[in-house]
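Student:
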Amino acid sequence: MLDQDVAIPSKEQYRQLNRLFDGANNNAVYRRVLAANSYPAMPLIVVLRKDIISTNEISGPMALTNDPDAEKTLIHFSAYQMLKKTICMMEACLVPYNILPVHMIQEWINKPLAVLPREEHEAITKRMNMMSEQLEDRTPPLIKKGRTWLQTVKGSVALGEFMVYTLLDPGTVPAGLAKLRKNKSHIAPMLNLCIRAAK
């Protein structure tokens, strides 16, 4: 994004999505949200795959005793419950969607991307990265490279008078407007850096 700033609400929206799809604690946030909301929903393949694999690993029969020669065994009921839950979730997500196609995007996906030779992908990606680096200014101190969605800057970086605001994690902030933590920084004007404050 070159000539426009990313607004704080957009950053918060990104962080909420990032938190939703976080794989920590066996995708706990996604599972809670999915259980609390009605369908239609979009299942995550990575979650379903993990459930199926774990179910497959524990779905064998359980021995009644520790004796390896014992003939009587039990069915691992909890494994089949998990399997049933996973299948029900998949079936519940198989509902008709009334989504109107966006022809411009559809054409872009079907035409240019389809004819792009695979051997050129790496060269094109490298060229795009070089162009991006030429157009973007150097990152000033306190700006976390690769984590700009977590921060916003107000003031003039070129003049060395600016504030770096670190947005708090949405999971730790009470409902309402997110509070901002301030990090002061003074950079020599000669650096000639230009970062626009998020609106």
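Each position in the sequence shown, counted from 1, maps to that position plus 1361 in the numbering used here. In this text, a Cβ means the ideal position worked out from N, Cα and C, and glycines have one as well.
With distance defined between alpha-carbon atoms, name the residue in ARG1393, ASN1417, ALA1396 and GLY1384 nearest to ILE1406.
Tutor: GLY1384
Student: Quick check on the burial criterion: 16 or more other C-beta atoms within 10 angstroms. Buried or exposed for LEU1395?
Tutor: buried
Student: For PHE1438, which three-state DSSP category applies?
Tutor: In this structure, PHE1438 counts as helix in the three-state DSSP scheme.
Student: Could you give the DSSP three-state label for TYR1458: helix, strand or coil?
Tutor: coil
Student: If we ignore side chains and look at the alpha-carbon of each, how far apart do ARG1392 and HIS1482 end up?
Tutor: 36 Å
Student: What is the DSSP secondary structure of ASP1412, counted as helix, strand or coil?
Tutor: helix
Student: Between the C-alpha atoms of MET1332 and MET1451, what's the straight-line distance to the nearest angstrom?
Tutor: For the chain, the structure presents residues 1362 to 1560; residue 1332 sits outside this window and is missing.
Student: Less than 8 Å between the CB atoms is what I'm expecting for VAL1390 and ARG1380, so what's the real figure, rounded?
Tutor: 6 Å
Student: For ARG1410 and LEU1455, I'd like the C-alpha separation in whole angstroms.
Tutor: 17 Å
Student: Determine the DSSP secondary structure at LEU1538, reduced to helix, strand or coil.
Tutor: Note that LEU1538 has pLDDT 40, beneath the 50 cutoff, so the model's placement of it is unreliable and no number is given.
Student: Going by C-alpha distance, which of GLN1467, HIS1464, ILE1466 and ASN1417 is nearest LEU1444?
Tutor: ASN1417
Student: Closest to CYS1449 by C-alpha separation, out of GLU1373, ILE1413 and GLN1495, would be which residue?
Tutor: ILE1413
Student: With a CB to CB cut of under 6 Å and the five nearest residues on each side skipped, what residues in its chain are close to PHE1382?
Tutor: none
Student: Span of the alpha helix (DSSP H) holding ARG1393?
Tutor: Start and end: 1385-1397.
Student: With 16 as the cutoff for other CB atoms within 10 Å, does ASN1398 come out buried or exposed?
Tutor: exposed
Student: On the DSSP letters alone, give me the boundaries of the alpha helix (DSSP H) that LYS1619 sits inside.
Tutor: Since the first and last residues shown for the chain are 1362 and 1560, residue 1619 lies out of range.
Student: Report the rounded CA-to-CA distance for GLU1494 versus ILE1460, giving the unit in angstroms.
Tutor: 37 Å
Student: Go ahead and label THR1447 buried or exposed: buried means 16 or more other beta carbons lie within 10 angstroms of its beta carbon, across all protein chains shown.
Tutor: buried
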